[in-house]
Amino acid sequence: MTDMLSPLQVMPHKGKMNLLDKVIDAGPDHLVAQVLITEHSLFYSDRGVPAWVGLEYMAQAIAAQAGVLARQCGKEPPVGFLVGTRSYRTNAEYFPLDTNLTISIERAYRADNGLGVFDCSINGENITATCALNVFQPTDVNAYLEEVLK
Numbered sequence: 005m006t007d008m009l010s011p012l013q014v015m016p017h018k019g020k021m022n023l024l025d026k027v028i029d030a031g032p033d034h035l036v037a038q039v040l041i042t043e044h045s046l047f048y049s050d051r052g053v054p055a056w057v058g059l060e061y062m063a064q065a066i067a068a069q070a071g072v073l074a075r076q077c078g079k080e081p082p083v084g085f086l087v088g089t090r091s092y093r094t095n096a097e098y099f100p101l102d103t104n105l106t107i108s109i110e111r112a113y114r115a116d117n118g119l120g121v122f123d124c125s126i127n128g129e130n131i132t133a134t135c136a137l138n139v140f141q142p143t144d145v146n147a148y149l150e151e152v153l154k
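Here the sequence shown stands for residues 5 to 154, numbered as in the working numbering.
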């Protein structure tokens, strides 16, 4: 994809909850993003960012991919939900300071009802993490939330 959009342009996440630094590549079924771990990273402690936060990095990469597709159609980035994960595996407890992480997501499955599965990975210097994330993107998020919150 050319003319990359910033994560703020393609995700509904705002302020501190936007955890991705940049989108490097995106297409109809994939996206690659980067995160640099700094002292200002959300969830940062003296050991770094806990590796479980990698699940959110992956989920936000999926959100960014949906937002890129929406922007290409002249629409706003959609709201989606992380439903679950399978087999989150990482070789690190923390992502250390000054580590540049590459987050890659690839769509494995998408149903007509908005359910999807993505194969995800994080790679950095001596760091790997992998999993499959299950997500849900309702057609009408407000109607869906009204029904769920009854």
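Glycine residues also receive a C-beta, built at the ideal position from the N, C-alpha and C atoms.
Would you identify the three-state DSSP class for residue i, choosing helix, strand or coil?
{"i": "Ile-126", "result": "strand"}
{"i": "Glu-110", "result": "strand"}
{"i": "Pro-81", "result": "coil"}
{"i": "Ala-65", "result": "helix"}
{"i": "Lys-20", "result": "helix"}
{"i": "Leu-12", "result": "helix"}
Among the residues of its own chain, which have a CB less than 7 Å from the CB of residue i, if the five just before and after it don't count?
{"i": "Met-15", "result": "Asn-22, Gln-64, Ala-67, Ala-68, Gly-71 and Pro-81"}
{"i": "Phe-85", "result": "Val-139 and Phe-140"}
{"i": "Val-83", "result": "Pro-16 and Val-145"}
Is the beta carbon of residue j closer than 7 Å to that of residue i?
{"i": "Ile-126", "j": "Ile-107", "result": "yes"}
{"i": "Pro-54", "j": "Tyr-92", "result": "no"}
{"i": "Leu-105", "j": "Gly-128", "result": "yes"}
{"i": "Phe-47", "j": "Val-57", "result": "yes"}
Among residues of its own chain, excluding the 5 on either side of residue i, which ones have a beta-carbon nearer than 6 Å to its beta-carbon?
{"i": "Asp-33", "result": "Arg-111"}
Let me check one thing: in DSSP terms, what residues is residue i bridge-paired to?
{"i": "Arg-90", "result": "Ala-136"}
{"i": "Gly-120", "result": "Arg-114 and Val-139"}
{"i": "Asn-104", "result": "Leu-40"}
{"i": "Tyr-98", "result": "Pro-54"}
Considering only residues of the same chain and omitting the five flanking positions on each side of residue i, which have a CB-CB separation below 8 Å?
{"i": "Asp-25", "result": "Pro-11, Ala-37, Gln-38, Val-39 and Leu-40"}
{"i": "Ile-28", "result": "Met-8, Val-36, Ala-37, Gln-38 and Thr-106"}
{"i": "Ala-74", "result": "Val-14, Glu-80, Pro-81 and Pro-82"}
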